[in-house]
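Protein chains: 2
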Amino acid sequence: MTTRIEKKRANLRDVAKASGVSVATVSRVLNSPSVVSEKTLTRVQKVIEELRFTPSAAARAINSGRSRFVGALIPTLDNAIFAGFLEGLESQLADSGLSLIVATTNDDPEIEFSKAQELLNIGAEGLIISGISHSQALEKLVDRTQLPTIAISYYDPQYHLPTVGYDNRASARIAIEHLRSIGCQRVAVVHGPTLNNDRTRTRVDELHQNAGLIALEYFEADISVQSGAKTAKAILASDKQWDAILCLSDVLATGALFELLRHNIRIPEDMAIMGMEDLPSSASTYPRLTSVDLQVREMGVASASALANWIEHHERPESIKLEASLNVRQTTALRLKD
Amino acid sequence: MTTRIEKKRANLRDVAKASGVSVATVSRVLNSPSVVSEKTLTRVQKVIEELRFTPSAAARAINSGRSRFVGALIPTLDNAIFAGFLEGLESQLADSGLSLIVATTNDDPEIEFSKAQELLNIGAEGLIISGISHSQALEKLVDRTQLPTIAISYYDPQYHLPTVGYDNRASARIAIEHLRSIGCQRVAVVHGPTLNNDRTRTRVDELHQNAGLIALEYFEADISVQSGAKTAKAILASDKQWDAILCLSDVLATGALFELLRHNIRIPEDMAIMGMEDLPSSASTYPRLTSVDLQVREMGVASASALANWIEHHERPESIKLEASLNVRQTTALRLKD
DNA sequence: CTCAATAATGTAACTAGTTACATTTAAGGG
DNA sequence: CCCTTAAATGTAACTAGTTACATTATTGAG
Numbered sequence: 001m002t003t004r005i006e007k008k009r010a011n012l013r014d015v016a017k018a019s020g021v022s023v024a025t026v027s028r029v030l031n032s033p034s035v036v037s038e039k040t041l042t043r044v045q046k047v048i049e050e051l052r053f054t055p056s057a058a059a060r061a062i063n064s065g066r067s068r069f070v071g072a073l074i075p076t077l078d079n080a081i082f083a084g085f086l087e088g089l090e091s092q093l094a095d096s097g098l099s100l101i102v103a104t105t106n107d108d109p110e111i112e113f114s115k116a117q118e119l120l121n122i123g124a125e126g127l128i129i130s131g132i133s134h135s136q137a138l139e140k141l142v143d144r145t146q147l148p149t150i151a152i153s154y155y156d157p158q159y160h161l162p163t164v165g166y167d168n169r170a171s172a173r174i175a176i177e178h179l180r181s182i183g184c185q186r187v188a189v190v191h192g193p194t195l196n197n198d199r200t201r202t203r204v205d206e207l208h209q210n211a212g213l214i215a216l217e218y219f220e221a222d223i224s225v226q227s228g229a230k231t232a233k234a235i236l237a238s239d240k241q242w243d244a245i246l247c248l249s250d251v252l253a254t255g256a257l258f259e260l261l262r263h264n265i266r267i268p269e270d271m272a273i274m275g276m277e278d279l280p281s282s283a284s285t286y287p288r289l290t291s292v293d294l295q296v297r298e299m300g301v302a303s304a305s306a307l308a309n310w311i312e313h314h315e316r317p318e319s320i321k322l323e324a325s326l327n328v329r330q331t332t333a334l335r336l337k338d
Numbered sequence: 339m340t341t342r343i344e345k346k347r348a349n350l351r352d353v354a355k356a357s358g359v360s361v362a363t364v365s366r367v368l369n370s371p372s373v374v375s376e377k378t379l380t381r382v383q384k385v386i387e388e389l390r391f392t393p394s395a396a397a398r399a400i401n402s403g404r405s406r407f408v409g410a411l412i413p414t415l416d417n418a419i420f421a422g423f424l425e426g427l428e429s430q431l432a433d434s435g436l437s438l439i440v441a442t443t444n445d446d447p448e449i450e451f452s453k454a455q456e457l458l459n460i461g462a463e464g465l466i467i468s469g470i471s472h473s474q475a476l477e478k479l480v481d482r483t484q485l486p487t488i489a490i491s492y493y494d495p496q497y498h499l500p501t502v503g504y505d506n507r508a509s510a511r512i513a514i515e516h517l518r519s520i521g522c523q524r525v526a527v528v529h530g531p532t533l534n535n536d537r538t539r540t541r542v543d544e545l546h547q548n549a550g551l552i553a554l555e556y557f558e559a560d561i562s563v564q565s566g567a568k569t570a571k572a573i574l575a576s577d578k579q580w581d582a583i584l585c586l587s588d589v590l591a592t593g594a595l596f597e598l599l600r601h602n603i604r605i606p607e608d609m610a611i612m613g614m615e616d617l618p619s620s621a622s623t624y625p626r627l628t629s630v631d632l633q634v635r636e637m638g639v640a641s642a643s644a645l646a647n648w649i650e651h652h653e654r655p656e657s658i659k660l661e662a663s664l665n666v667r668q669t670t671a672l673r674l675k676d
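What follows is the structure in structure tokens.
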């Protein structure tokens, strides 16, 4: 049986009583010490110290009507894809005095809704959600509560919420056009799960639209290095002759890269490979990975400013488009030396 | 000028008035609808819908004395190292109905303290901190508030707070002993910043203690693939003959691996390489990376359960030791085929 | 020494919920 | 039709702060 000293937390009235002043004075000691006399100040502060008093955040929040945090609903924390985004988001929010609660949805709209509900219940002042396909329940919740909410990873000015992200179609076009420009004719496309992920679906669709004379074949994989490697292995095992593997995530591309190396395939001579996102690590792979830069950290910063501004000044932001750009490196370019 | 419909949020009393019942009844509709008559229930629910009423989290918290979230202070979100940890932490906390706020410290004790302070101010019920070296101010804050706090990444039963983590010394020993067993004599050690990072310092120190006949040389790098590659390049540029590169993080090892490949160095014949952490991706690199498994995801799960239990049942947990183990793969083992 | 101005502090109402206890209403039995 | 009992609802006090306004104390000038 554990000994438990269940002496409940001291509150403001306890402090007031113990130091022989009124609650108002204690509150002043906390919030505007300059208006309190030296003598009273030190006395009250001593009592605060003795009673180990910490003001209740909830009681403060109830007065200010503010909780000072926002929630971000992202598919997963399991790989590096969202690391840069979260880093940008968190640091920019901090500048506005906002904290960040991260919740993962596993790309499941039901989970997304229930976590959004929870975030609201604990008082989130704003929300970041991924993509523009969500459960009816979530859409309704956001609408009902008028909670400042921004959809990321998908630029779409038509969407009923402000979006901050890249143009998924444009990024797919950049990729396919690059592969065309280096003369690819048969390309294996490795992409993440399309179920409940509109970003991926849109990109795949756009590739399809723009394939032109390039023959494309699609392979779905989980977003992980392991899965990228496994899928590349399957691609190599098929008899077809591929010119390139296009991975719709750098994480997948890294896995595929390792697998090609394992099979002693010359890159890009025998097989080109390119990724998407342009994670910081992609510039250091061997060979260095060509990738479409989606500016994920930027996306974090931009969505944080937009959301913070919305919360502080009640100004609903416009959607923000991040321009995707191509970083050509060795995995698609013969001539590029180290 | 933005038009602003600043109609303030409806509260429980508004709902009560609008539906002609008492506040208690509205509260019942919210919390125990079964004791409310069918008729009243539907009427009040309709009003709730109309007024777009959402109960204030703060007001609830003030009554329950609960905020239902904990804060985690980790060095960075910038790479995959903490991804598995956070994933485990978040999902396990969710099982106890707790949410997670993530804040990054950049390994700076000052930032760590101020963010801890902020987390407390907004009502965190518990804290996760990294390592066992912290600013006086933070130690004092935790002590003063008696806030359930767990230190991770460092098993140390002597520490004044419960710790959940691996034995950093043991993990270093596992690494050096493995390198000894495969006959290494000169090893380049690549490690993250030691400033304010006791995990790294301890490991480096233990390597030093256990080097025996192995000549060790230390290289400090930022924790990133890029930095791992850059440091490997510098190591190769030095004239010395190395048998192996030991990276105290898989992220660094991955970078080093790429760099060795770039220099056409046979692994492990010309140079062995090993990492630490055993990230999921390490099993898929080429060649597959030998690594000391630190069970980071497990650490997330274990610290979440311990913290949740502490918060719920006021039982201060014992420190939990996670056993580090070695996963020998191709980067240190000649005979291991694919 | 008196008075006005200012500084310091106190009182009580307010924030938005929950809940113990009291009261009203309805239903069923005799 | 009255009475008991249970169900439904209401009243008011409570949670822990902030703050407008009122009051008291202090200071300096005249």
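Those protein sequences? They're chains W and P, same order as listed. According to this note's numbering, the residues represented by the first sequence are 1 to 338, in order. According to this note's numbering, the residues represented by the second sequence are 339 to 676, in order. Where a beta carbon is used, it is the ideal one built from N, C-alpha and C, also for glycine. If you're wondering where the values come from, they're calculated on a predicted model, not measured in any experiment.
Contact check, residue i vs residue j, beta carbons under 7 Å
i: PHE258(W); j: THR669(P); result: no
i: THR202(W); j: SER319(W); result: no
i: GLY165(W); j: LEU119(W); result: no
i: GLY426(P); j: GLY638(P); result: yes
i: VAL527(P); j: LEU590(P); result: no
i: ALA396(P); j: ALA58(W); result: yes
i: ALA594(P); j: GLY566(P); result: yes
i: ARG667(P); j: LEU627(P); result: yes
i: ALA432(P); j: LEU389(P); result: no
i: GLY192(W); j: ILE223(W); result: yes
i: ILE470(P); j: ASP445(P); result: no
i: GLU544(P); j: ARG507(P); result: yes
i: ASP243(W); j: CYS184(W); result: yes
i: SER67(W); j: GLY20(W); result: no
Which residues DSSP lists as bridging residue i, in chain order
i: ARG524(P); result: ALA553(P)
i: GLU49(W); result: Note: GLU49(W) sits in no beta bridge, so no partner.
i: TYR504(P); result: LEU660(P)
i: THR487(P); result: LEU465(P)
i: LEU431(P); result: Paired residues: none, contrary to the question.
i: THR104(W); result: ILE74(W)
i: SER99(W); result: PHE69(W)
Residue i, DSSP secondary structure in three states
i: ASP243(W); result: coil
i: ILE400(P); result: helix
i: HIS271(W); result: First, the residue type needs correcting, since residue 271(W) is Met and not His in the sequence shown. MET271(W) falls in the coil class under three-state DSSP.
i: ASP481(P); result: helix
i: LEU195(W); result: coil
i: ASN647(P); result: helix
i: ALA462(P); result: coil
i: GLY71(W); result: strand
i: ASP78(W); result: coil
i: VAL292(W); result: strand
i: LEU599(P); result: helix
i: ILE5(W); result: Because the pLDDT at ILE5(W) is just 38, under 50, the model does not fix this residue reliably, and the value given afterwards should be weighed accordingly. DSSP places ILE5(W) in coil when its eight states are reduced to three.
i: ASN548(P); result: helix
i: ILE573(P); result: helix
i: GLU398(W); result: The requested residue 398(W) does not occur in the structure, where chain W is confined to residues 1 to 338.
i: ASN665(P); result: strand
i: GLU309(P); result: Examination of residue 309(P) is not possible in this model, given that chain P is present from 339 through 676 alone.
Same chain, Cβ closer than 8 Å to residue i, neighbours up to 5 away in sequence not counted
i: ALA16(W); result: SER22, VAL23, THR25 and VAL26
i: SER473(P); result: PRO447, GLU448, GLU450 and PHE451
Same chain only: Cβ atoms within 7 Å of residue i, ignoring 5 sequence neighbours per side
i: PRO371(P); result: LEU379
i: VAL29(W); result: VAL36, LEU41, VAL44 and GLN45
i: LYS578(P); result: ARG524
Heavy atom of the ligand SAM within 6 Å of residue i beta-carbon
i: ALA421(P); result: As for the ligand SAM, it is missing from this structure, which has no ligand bound.
Other residues of its chain near residue i: CB distance less than 6 Å, five sequence neighbours each side excluded
i: ILE573(P); result: ALA526
i: ALA640(P); result: VAL502 and ILE658
i: SER56(W); result: none
For this session: Specify whether the stretch 262-280 of chain W and the stretch 73-84 of chain W touch according to this definition: at least 3 beta carbon pairs, one from each stretch, less than 8 Å apart.
Result: yes
For this session: Give a yes or no on contact between the stretch 646-654 of chain P and the stretch 430-438 of chain P, applying the rule of three or more CB pairs nearer than 8 Å.
Result: yes
Exercise. Quick check: the stretch 446-466 of chain P against the stretch 505-521 of chain P, are there 3 or more CB pairs under 8 Å?
Worked result: no
Problem set entry | Sufficient close CB pairs (3 or more, under 8 Å) joining the stretch 465-478 of chain P to the stretch 487-497 of chain P | yes
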